[in-house]
Each structure stands twice: as structure tokens, then as C-alpha cells.
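*Asks:* In the working numbering, the protein residues as written are 1 to 286.
One structure, as C-alpha cells, below. Some questions next.
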Amino acid sequence: MVDVVTGRAGGLTAENVTVALGGRTVLSGVSLEINPGELVAVLGPNGAGKSTFLNLLSGEQEVQDGNVAIAGEPMTDMSVKSLARKRALMPQKASLAFPFKVRDVVEMGRDPFRKEMTTQENDTAIDWALSEADIGYLADRVYTRLSGGEQQRVQLARVLAQVWRPADCDEPRYLLLDEPTSSLDLAHQHSVLHVARGLTDQKVGVVAVVHDLNLAALYATRVAVLDQGRLVATGHPDDVLEEDLIARVFDLSVHTVMDPASGRKLLVPNGYHKRRSNIIEIRKAL
């Protein structure tokens, strides 16, 4: 099931994008639009092309074929500053070699706006981001001395500060999160997706690469499933995350249950079975 809409003014649009890296096609003819006010979870097995696709949407990865645009304007025509004002990217890993304090790292997210917004507005953005990421108590700590999970939340706060706008601003912008929960405890995994979902009420379009299908089921307004570099399904989580698709894409048998609190369908594995493809390869090697 594929439900793809492209070309609507105001959206972050990837149209028929193809990328090859190291002689291997990583993405093939993928088209997807993300609109302000929705949270799209990008799902798929390892090597499906999720991070490459997110990097394309951010402008970090060069488009080899196809087009990526915001509100109809190709990213290739945008300046670095203009792009930074329209979208914020939280990569899988972010390293800092210098002993910046946490507040200084979060403040980096305000760089594109320093000359146009007041000091008070920028400070408000930083304080809000620290609070939303639940790291206010870490503000004066040295970033490099934090745990991996704490550093990940600092990076979240940095991009939150970047997408912050005054209450009277209706400028669409986009938040791109690459595995934002990978180092987090259970409570903070839900907290991050809760914050991301809340941003959709502020005309922010959110794209998040996640591996936990149930987090996607609970918080995403839409999911997009990649497999072997192709978009194989997109739509509401309840419609897309079905037993047959999970078996086909993830090679895992599951059944669905209805969560009475959220009204969403959740996935329960039926036990682990060694991938048939792996068994075949082992037999060939013998």
C-alpha cells in the first residue's frame, strides 16, 4: 500500500529521489511530502535507506537524481542560512571536541536568528528547549562529561531551540530527527516523541527515523516504510503497521492488540525465528 502525495505548496517534498553510495543503490525513486503539522515516522530494517533519506530531506546529502524542495523551492537554490531557518537536523551521532557547557550547545541552535531576534527572544527559545528536553538541571554542566543519553537530549534541545518561534509567528519549519531515542531510557523515549508530536500544533513538520514500531504507532500521524531503498508503504499507523507488512519487511511474525489508552494498534512479536535468508546463506557457505 503506497499513498504518496507530492507537489503541495508549503511542504517538504522529496520527488523521485535516487541515491547510490559505493556502487550500491541506497534509495530508488522515493517520493514523499511532509507537511507542517504532522509527525512522520520513517521505518524500515537496517540498511533500508532511512538515514540517507533523512539526510536528503535536510540537504546534507546531495541529490543524484530527483528533487528535494521546501514550499516548491529546491534546496539546491537555498543558502546555508536560509536552509537553517527552515529546517533543523538532529543526526544519529554528534561529537564535540571542546568543553562547551550544555547551555552553550543549545544556544548554537539560535545562530541563524541572532541578528533578527532580540536577546530576550533567543534566551526564551533556549530556556524553552532546555525544559522540553528535560535538561534544565544540566545547563551548566560540560557537554563532554555527560552520559550518551544526556548528550542525546542536549542535541534534541539544540534543534528544538532552532525551530522555536514567537507565538505570533506562523512560519512553517521542519524538524528532522535521526534515531532520537537510541540512547534513551524508556521514559525519555516517550518524552521525546511526546515533545515532537506537540510541535505539530505549532506548524512544525516532524520527520523521525525510529526503530521502535510501537513508538511510531503511538505518536506518529503518519508512517513511511522503506525497504531496500524503496518506499513500500505510507499512511496512518493503524492502516500501515499490519501483520503481513511486518512479516514481509522485517521478517518477523507479529500480532496486533488495541491499546485502550491511546486507541492505537500496537504490535506484539510472536517469538523470534532465525531469518530464512541467513539460513540459506549459511548452508551455501557449508
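Where a beta carbon is used, it is the ideal one built from N, C-alpha and C, also for glycine.
Of the residues Ala167, Ala69, Leu218, which one's Cα is nearest the Cα of Ala261?
*Replies:* Selected option, being the one with the closest Cα: Leu218.
*Asks:* Run through the DSSP bridge pairs and tell me what Gly205 is partnered with.
*Replies:* Its beta-bridge partners are Tyr174.
*Asks:* Thinking C-beta only, is Leu215 closer than 9 Å to Leu334?
*Replies:* Outside the displayed range of the chain (1 to 286) lies residue 334, so it cannot be described from this structure.
*Asks:* Measuring straight from C-alpha to C-alpha, what distance separates Asp111 and Thr221?
*Replies:* Cα to Cα, Asp111 sits roughly 30 Å from Thr221.
*Asks:* With a Cβ-Cβ cutoff of 9 Å, do Gly136 and Asp127 count as a contact?
*Replies:* Yes, these two residues count as a Cβ contact at 9 Å.
*Asks:* Are the CB atoms of Gly205 and Glu38 nearer to each other than 9 Å?
*Replies:* Closer than 9 Å, so yes.
*Asks:* Ordered along the chain, which non-local residues of its own chain (more than five positions away) have a Cβ less than 7 Å from that of Asp238?
*Replies:* Closer than 7 Å at Cβ, skipping near neighbours: Arg264, Lys265.
*Asks:* With a floor of 3 residues, list each beta strand (DSSP E) that falls wholly inside the segment 42 to 94, ordered by position along the chain.
*Replies:* Complete beta strand (DSSP E) runs here, min 3: 65 to 70, 87 to 90.
*Asks:* When you compare the CB positions of Lys203 and Glu171, do they come within less than 9 Å of one another, or not?
*Replies:* Yes, the Cβ-Cβ distance between Lys203 and Glu171 is below 9 Å.
*Asks:* With a 10 Å radius around its C-beta and 16 neighbouring C-beta atoms as the bar for buried, classify His188 as buried or exposed.
*Replies:* By the 10 Å Cβ count, His188 comes out buried.
*Asks:* Would you call the segment 83 to 94 and the segment 153 to 160 touching, i.e. three or more CB-CB distances under 8 Å?
*Replies:* Yes, the segment 83 to 94 touches the segment 153 to 160.
*Asks:* Tell me the rounded alpha-carbon separation between Leu56 and Glu62.
*Replies:* So the alpha carbons of these two residues sit roughly 7 Å apart.
*Asks:* For Ala247, tell me which candidate among Gly49, Ser28, Pro45, Leu21 has the shortest Cα-Cα distance.
*Replies:* Checking every option, the nearest Cα to that of Ala247 belongs to Pro45.
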